Amino acid sequence: MKTPLPLPAALKGRPFTAAEAGQAGVSAKRLRHRSLTRLGKGIREDGPTTEQPLSTRVRPFIEVNKRCAASHLTAAGLLSLPLRLRKEKPDMHHIIRPEGEAHLDRPHVIVHRMKLYDDEVTVHEGIPVTTPERTWLDLAELLSLDALVVAGDSCARVPRPELEGRDMPLCSVSDLQRMIDRHKGKRGIRKAKEAIQLIRVGSDSPQETLLRLALVRAGLPEPELNVPIIDDTGRRHHEPDLSYRKYRIGIEYEGEHHAEEGQIARDITRSERYAALGWTEVRISKRHMVNDAKPAAAKVLVALVQAGWRRGS
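Every letter in the sequence shown is one number past the one before it in our numbering, and letter 121, counting from 1, is 911.
This is the structure in C-alpha cells:
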C-alpha cells in the first residue's frame, strides 16, 4: 500500500469523525488506510491519543451518537471532580442516552440508557455533559461511599477565585438533594442518601474530606473546615484545613508539595504563628492516612485530650 497523504494538521494526534475529516478534504479511501485506527463506526484516530485532553478524546463519540451526553466517570473527568480513588481505562467513555432511545453497542463506549431530563444536561467545552448534580447521582452506582462524599464535597465547595477563576460552586447540596428526590428508584440511590448526610461545604481537597470522615467515625467532634482563626483583637489569621476553635486546635493536611523548599519556609512561619496565638497545630501527612486514617485520628485525639476534651463532653 502506498504511503498515504498526510492528514490535515487539525486532525493529527487526536480522534476525529469521518464527517469532520470529509469537511477537511480527507477522502473516504484515506480514511480506510491501515495507518488510521478505527475506534468505532465513523471514528478514526491518527496514533495514540491518550495524552490528549479528555474533552478532545470524548468529543467524536458524542458527535456520532446523537441524543446523548457524556456521563458518569467521563462527565466527572470533564467537570474536574476528584476521582483519585477510582481507576478507569483512559480509552473507555461513559455516555448516557434517554430511555426509549435505540440501544448502542460501540467499542470504547459504555452506554447508559436511563431517565434523563433536559435540565440535567449542560454544555462543557462544546460537549453535552450531565450537570454536576446529575453526574454526582450517577456516580453513586460506581463509587464507594467515601469517594461519593469526596465528589459531593467538591461539587458544593466554594472555589477560590484567585486560584480557579470562578467564584460559584459547581452546584449546591440542595441541588444534589433534588436529584435524589427526582430519581427515587435509581441504582445507587441508597448510597446517595447516605452520602448526602455526610457532605459538607468547605473542604478544599479529597484528603481533607477523608480526614474529616475518619475523625467523626473515631468518635471525635466534627471539625470545622477552612474557618479563619480570629485573635482576641478581631484580627483574621490563616485558615486551618480543619479546626476545633473551642479547643484552639488547627489541623493541617500536608500533601507532597509541602516538601518543596519554599513551602517548608511558609509552614515554619505558620507553626510559629500557631504558637503565638496559643493554638495547637496538628500536622497530618499521607503516612497518617493509612488503615482508614486511624493514625491521623489517634494523633488528633491526643491533642483534643490535652486541650481538655473528654468523650461525652
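Think of the CB as a built atom: it goes at the ideal place given N, C-alpha and C, for glycine as much as any other residue.
Treat the numbers as computed from the prediction; the structure is a model and nothing was measured.
| query | result |
| --- | --- |
| Residue burial classification, Asp1031 (beta-carbon count within 10 angstroms, cutoff 16) | buried |
| Where Val919 falls, given that 16 or more other Cβ within 10 Å makes a residue buried | buried |
| The beta strand (DSSP E) enclosing His902, as first and last residue numbers | Val899 to Met904 |
| Touching by the beta-carbon criterion (3+ pairs, under 8 angstroms), the segment 998-1017 and the segment 953-973 | no |
| Beta-bridge partners of Ala1008, as assigned by DSSP | In DSSP, Ala1008 forms no bridge with anything. |
| Selection from Leu871, Asp928 and Ser870 that minimises the alpha carbon distance to Ile885 | Asp928 |
| Alpha-carbon to alpha-carbon, Ala1088 and Asp908 | 48 angstroms |
| Reduced DSSP secondary structure (H/G/I, E/B, other) of Gly916 | coil |
| Any 3 or more C-beta pairs closer than 8 angstroms across the segment 1092-1099 and the segment 1012-1019 | no |
| Span of the beta strand (DSSP E), counted from its first residue to its last, around Lys805 | The question names Lys, but residue 805 in the sequence shown is Pro. Taken as a continuous stretch (DSSP letters only), the beta strand (DSSP E) holding Pro805 covers Pro805 to Thr807. |
| Reduced DSSP category for Tyr907 - H, G, I as helix; E, B as strand; rest coil | coil |
| Touch test, the segment 1022-1029 against the segment 965-984, Cβ-Cβ under 8 angstroms, three pairs minimum | no |
| 8 angstroms contact criterion, which Ala937 and Trp926 should meet: CB distance rounded | That pair is no contact at about 11 angstroms. |
| Cα-Cα separation, Leu844 to Asp1021 | 46 angstroms |
| Cβ-Cβ distance between Ala930 and Ile979 below 8 angstroms | yes |
| CB-CB length for Gly837 against Pro897, believed under 8 angstroms | Their Cβ separation, rounded to whole angstroms, is 17 angstroms, which puts Gly837 and Pro897 out of contact at 8 angstroms. |
| Identified DSSP bridge partners for Ile1039 | Tyr1034 and Thr1070 |
| For Arg1077 and Met882, the rounded distance between their alpha carbons | 32 angstroms |
| Beta-carbon spacing of Gly815, Pro798 below 8 angstroms | yes |
| C-alpha gap between Glu1029 and Met958, whole angstroms | 20 angstroms |
| Rounded separation between Ala818 and Val939 - CA only | 48 angstroms |
| Limits of the beta strand (DSSP E) - the one that Glu841 falls within | Here Glu841 belongs to no beta strand (DSSP E), and DSSP marks it neither H nor E. |
| Residues of its chain near Thr1070, where Cβ-Cβ distance is below 6 angstroms and the 5 sequence neighbours each way are ignored | Ile1039 and Ala1093 |
| Cut-off 7 angstroms between Cβ atoms - residues of its own chain near Glu984, not counting five sequence neighbours on either side | Leu935 |
| Separation of Glu910 from His973, as counted between CA atoms | 12 angstroms |
| Burial state of Glu841 (16 or more Cβ within 10 Å) | exposed |
| C-alpha gap between Ala808 and Arg990, whole angstroms | 46 angstroms |
| Beta-carbon proximity list for Gly803, same chain, < 8 angstroms, skipping 5 on both sides | Asp836, Gly837, Thr839 and Gln842 |
| Nearest candidate by alpha-carbon position, reference Gly916, set Ala865, Leu906, Pro888 and His902 | Ala865 |
| Euclidean distance between Cα positions of Arg820 and Thr846 | 22 angstroms |
| Sequence-distant residues of the same chain with beta carbon closer than 8 angstroms to Ile986, five excluded per side | Gly942, Val963, Leu966, Gln967 and Ile970 |
| Proximity to Ala1004 [Cα-Cα], best of Gly955, Val1080, Lys981 and Arg824 | Val1080 |
| Start-to-end residues for the alpha helix (DSSP H) that takes in His1028 | Careful: His1028 lies outside any alpha helix (DSSP H) and carries neither H nor E. |
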